[in-house]
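Numbering (the working numbering), first residue to last: 109 to 277.
Below is the structure:
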């Protein structure tokens, strides 16, 4: 019995003390499950992430008026084509009630070529996920459970971030 208790203690501490490569990364102490996570593509088609189980999912929430989003987006664009993260699906979800045209102009201005634009027009997903600001990236594991968030800006080209993400890929 003592060995079992010691084992549980050590495993819990290992998970709780996982080293993250940025102070902006917050690991969930418990995995979060949501009934439905969906948003729209630029043609108003619904995208449901349940269709992507078995993949690591990064939901990045942004808006055209957000200066930190503007700074972060080019590195996120490069992360999309990183060969070390071939099982990663990135969804860049606009929560600023920006039009498709404004969003496309934002991507064009930043030379974003590898990401698609998605929308949360009623901000219902942002409410479901209890977002507190942008940029925020929600990380969902292969089983469809949220395990971490990146609150604020990070450099997605940072080798430490890429190495950390590859553990979940």
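Each residue gets a CB set at the ideal place from its N, CA and C atoms; glycine is no exception.
Model, not experiment: these values are computed from the prediction.
* Got a sec, what are the start and stop residues for the alpha helix (DSSP H) residue 208 sits in? -> In the chain shown, residue 208 corresponds to position 100, counting from 1. First-last of the alpha helix (DSSP H) with residue 208: 208-217.
* Is the beta carbon of residue 203 sitting closer than 7 Å to the one on residue 157? -> Stepping through the chain shown from its first residue, residue 203 is reached at position 95. Stepping through the chain shown from its first residue, residue 157 is reached at position 49. Going by beta carbons, residue 203 and residue 157 fall outside the 7 Å limit.
* Report, in whole angstroms, the separation of the C-beta atoms of residue 201 and residue 164, which I expect to be a contact under 8 Å. => Along the chain shown, read from residue 1 onward, the residue named residue 201 stands at position 93. Along the chain shown, read from residue 1 onward, the residue named residue 164 stands at position 56. Residue 201 to residue 164, Cβ: 16 Å. No contact.
* Min CB distance residue 170 to chain B below 7 Å -> No chain B appears in this structure, which consists of one protein chain only.
* Asked: Taking just the CA atoms, how far does residue 241 sit from residue 264?
  -> Within the chain shown, residue 264 is the residue found at index 156, counting from 1. Within the chain shown, residue 241 is the residue found at index 133, counting from 1. Distance between the alpha carbons of residue 264 and residue 241 is about 18 Å.
* Using 8 Å as the threshold, is the segment 141-150 in touch with the segment 173-180, meaning 3 or more CB pairs across them? -> The segment 141-150 makes no contact with the segment 173-180: fewer than 3 CB pairs, one atom from each, lie closer than 8 Å.
* To do: Check whether the Cβ atoms of residue 260 and residue 132 lie closer than 7 Å to each other.
  => The residue given as residue 260 occupies position 152 in the chain shown. The residue given as residue 132 occupies position 24 in the chain shown. Using a Cβ distance threshold of 7 Å, residue 260 and residue 132 count as a contacting pair.
* Helix, strand or coil for residue 173 per DSSP? -> Your numbering for residue 173 matches position 65 in the chain shown. If DSSP states are grouped into helix, strand and coil, residue 173 belongs with coil.
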